[in-house]
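Data block below; observations after.
Residue numbers (this note's numbering): 68 to 1136.
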């Protein structure tokens, strides 16, 4: 019997002890709790939508492969300009793009439009690629922090202190986050995904910048010592000794597929390797992928199910070899392409982008500033401009290809041929009726077909639904698939795009899922106190679920704060050994068959009783005393230990609470700040505890309760007071305070940045945080009333309430338990609305105070919008100060960016930009040769429409799109005329005119003589003062000239000499 369906497409087309407690209280980074993301199993790789790319290399195996179609042609992309350079590879999840930058930011963008949804300021460069899991996005930064943010709005869930810089792209597995750290830690660290608590770490020999991968049971990663590590995901115990190589992994990952590891660490290791995950046996070595000699730069491998593995590699020196994309057999690592695809350069940052594979199309971003598409057979399919070198790996999702360049620009290309299944998620467990969602498009689109199969060597496909279609389908509901009639098991779901003409592309999308009926719950749940025990235990029992295949039962308990999971049992009983004596608990139990969990049983209640006869609580502590602690912000407590029963024996632990309220109602003991610690010995010994994280000189009130092993709790101790120790030395102040208008906003915000106090993470190590002070021109700072405060390790603050066009002054001080540092100088800023509205119908002009002007004529833009014009820091583009023209150019420091607020807005006709210059800015240059250049493909390209107005001291150019522009001096060199830069258009000339085009290297006068085949001169044309380095033209009216073949001689005369070029052309009326 097959699953039923409801067809939807036609109606839904849309485009310890001791000081342990002090440590716990003084080093808390928890901000608020995240929800735990659901997974298939307690320790399984969670479901990922087939059309999502939620982490570096697409998935936890880091194979860089997605089973969907996203094939050329690629449409005009949306673009988003982020602050700072980008080496972080984008992640795509649920219609959002997440990417980090070297401006200490993580951005979230709309995947369909590129519109910014939110941004989050961080403690350092975000070179880590984010991972999205459930409702959280996780990433690390070179400022030594691991972040968990709400993926929808960017709100902070928690921050963990990594203890070292990190560029590692995290892995989420089984409710844990795995991330590498740099020097001096050199560890793989594991954190609780919900709370951010450190769960464990593994020490490597050198920094772990690599992105860890997993097969669901083990975690694999490379380190900068070139070794490959394999650890148990839960225990972090090595599976086998680290495997050595000659290289260094950097940020690259190890791919794991079908029990095999694929890796190419680079540096002195120039060959890719295959390693058996179980035995550590080397299965294959590739040929050398780069020349012997210089270090090898490499990206992470991509592995497809068709038997190929793809590697990007190149020499670290361009003179030796540019980077290339190679295809190898995934079984033998022998080369399968006759020649590799060039990536057009070498990396300036020591890393290469890794390939992404969608069905039979391989995408690679290049150091040459291109996005290339190559078929798995090695045929070139597309070559697109990324406007600058790219080291971030592309992502493929829902028919979109997302790429980013090092200058901070993110691109979203829509594939002209696409098929993707966005729901259900790959690996999802299905039952009942399932909504199937997807995307598809094709230039030859005629329809679609949705099928399922149980797989196997020769899979048999069963149609779910199909329909004719002639327009793109963008993420809507394809069908409601009823799986209630299918047997439990593994299934493949396939979307096939039907085309009216054969394209040669694989037009399918595939996800693998499990159909699993929900088992029935157990019955007859009973709960009772364990008889004859010493308390703290309740026994549960139940009747088996009637559903065959149930493997375990999950137990849940409610202590009044809501149900939580206690654990699971393979049989029909369970002992709750943590049921505190004297408390009532509610219980529920569910059945689990390894895939699906039943509804829970009926609820039952039980009261935990101490049946041992031990009802004697420890004595109340009566000699509690307090004194200033050994360091600032600490209080030392002392008392005599009671026993287990009164003053006899040894109790279990102490509960310590404190308050700053002298009238504190101690009946609220359990709700107060504090913690617990284990008893050190039997009654009569002297106990002590140092409480940290307090404010020096402030009086605190303390009380203690003692608890025995069966939960008997002593009465409250005497209440004592004590002032926390003063810190006699204030922290060193922060430095280098700066204030700047928040870029790209519409006013109202100012960005502050400073260098951390030397005592923050170093020196005395006692900084609690930073206080920000603000004043207006007529105001003054109040040391007791800071404007804002941030925690330790934070070196930036955005003032969200800076009224536009008002100057604000700021100072910042570090504070410890007792003192503020001196205020760090003073800086000021003015918030401005950086955008200017224009009406597309009427056009508009944007002028800056320095004379920069952008003029958009009427009806020259696709829609009403806002424009921003920004003077850029030239040093940001210093590595790109080369010109792509045949001659060289001298850059000035005059760089501007012009852009629309809406990425979808386009120019329909040229706009005019006028860039001013001063004598000082062009000193020593030939002003007649000043030109406007635009940044394209990692080089500055001269705009042929450039004209200099020396009287007005401006360089003007008509532009067909907005970008980054720079004034540069064109430096003539070489031959006056190049043969390939002299031609006629059109040729043959079939209309009324023919145009002679030419580009003199020097300013020149041009003469054109035209002859017929008999050698008779039929025309003489000339043009004086043709600018150097730019294409000029002479138009000849040929309406009354006979058809035929003609010869023209074009002569250029300049101060550098003369040059004549002779060529033929035709006239055909």
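Just so you know, even glycine gets a beta-carbon here, dropped at the ideal spot from N, CA and C. All figures in this text were calculated on a predicted structure; none of them were measured in a lab.
Close-in-space but distant-in-sequence residues of the same chain around residue i (CB under 7 Å, 5 per side omitted)
i: residue 514; result: 533, 534, 535, 536 and 565
i: residue 961; result: 982, 984, 988, 1033 and 1034
i: residue 715; result: 750
i: residue 1071; result: 1043, 1093, 1119, 1120 and 1121
i: residue 761; result: 700, 701, 702, 767, 791 and 884
i: residue 314; result: 293, 332, 333, 334, 335 and 336
i: residue 914; result: 920
i: residue 731; result: 768
i: residue 1114; result: 1078, 1129 and 1131
Closest by C-alpha distance to residue i, when choosing among the options
i: residue 668; options: 650, 590 and 830; result: 590
i: residue 883; options: 856, 662 and 588; result: 856
i: residue 196; options: 180, 169, 182 and 184; result: 169
i: residue 1105; options: 1059, 1076, 1063 and 864; result: 1059
i: residue 636; options: 623, 630, 647 and 627; result: 623
i: residue 697; options: 835, 755 and 727; result: 755
i: residue 455; options: 154, 878 and 268; result: 154
i: residue 553; options: 538, 545, 529 and 575; result: 529
i: residue 640; options: 648, 620, 647 and 646; result: 620
Simplified DSSP assignment, three categories, for residue i
i: residue 1186; result: Because residue 1186 is not part of the residues shown, which for the chain are 68 to 1136, the question remains open.
i: residue 1036; result: strand
i: residue 941; result: helix
i: residue 357; result: coil
i: residue 330; result: strand
i: residue 736; result: helix
i: residue 1047; result: helix
i: residue 180; result: coil
i: residue 116; result: Legend: pLDDT at residue 116 = 47, less than 50; position of this residue unreliable, value from coordinates given subsequently. Note: residue 116 maps to strand in three-state DSSP.
i: residue 1104; result: strand
i: residue 462; result: strand
i: residue 994; result: helix
i: residue 662; result: coil
i: residue 741; result: strand
i: residue 776; result: coil
i: residue 594; result: strand
i: residue 455; result: coil
i: residue 705; result: strand
i: residue 1070; result: coil
Contact set for residue i: own chain, Cβ-Cβ below 8 Å, skip 5 residues either direction
i: residue 930; result: 907, 969, 971 and 972
i: residue 946; result: Interpretation of residue 946 is limited by its pLDDT of 42, a score under 50 that renders its predicted location unreliable; the figure taken from the coordinates is listed afterwards. Cβ within range, chain order: 415.
i: residue 588; result: 612, 656, 657, 658, 665, 666, 667 and 668
i: residue 1140; result: Within the shown structure, residues of the chain are numbered from 68 to 1136, placing residue 1140 beyond reach of any answer.
i: residue 644; result: 603 and 604
i: residue 917; result: 938 and 983
Close-in-space but distant-in-sequence residues of the same chain around residue i (CB under 6 Å, 5 per side omitted)
i: residue 1133; result: 1055 and 1112
i: residue 586; result: 612, 614, 617, 658, 660 and 665
i: residue 858; result: 836
Segment limits, beta strand (DSSP E) that includes residue i
i: residue 297; result: 295-299
i: residue 479; result: 476-490
i: residue 1065; result: 1060-1065
i: residue 802; result: 802-808
i: residue 542; result: 540-549
i: residue 200; result: 198-200
i: residue 391; result: 391-396
Counting Cβ pairs closer than 8 Å, one from the stretch 767-782 and one from the stretch 800-815, do we hit at least three? no
Evaluate contact between the stretch 268-285 and the stretch 303-322, counting only Cβ atoms and requiring at least three cross-stretch pairs below 8 Å. yes
Using 8 Å as the Cβ pair cut-off and three pairs as the minimum, do the stretch 578-593 and the stretch 487-503 touch? yes
Does the contact criterion of 3 or more C-beta pairs under 8 Å hold for the stretch 472-482 versus the stretch 555-572? no
Can at least three beta-carbon pairs, one atom from the stretch 172-187 and one from the stretch 606-614, be found at a separation below 8 Å? no
Taking contact to mean 3 or more Cβ pairs, one atom from each stretch, closer than 8 Å, check whether the stretch 482-489 and the stretch 499-515 are in contact. yes
Is it the case that the stretch 160-168 contacts the stretch 598-605, given that we only count it when at least three CB pairs across the two stretches are under 8 Å? no
Three-pair Cβ contact test at 8 Å for the stretch 710-726 versus the stretch 738-749: yes
Counting Cβ pairs closer than 8 Å, one from the stretch 430-438 and one from the stretch 451-468, do we hit at least three? yes
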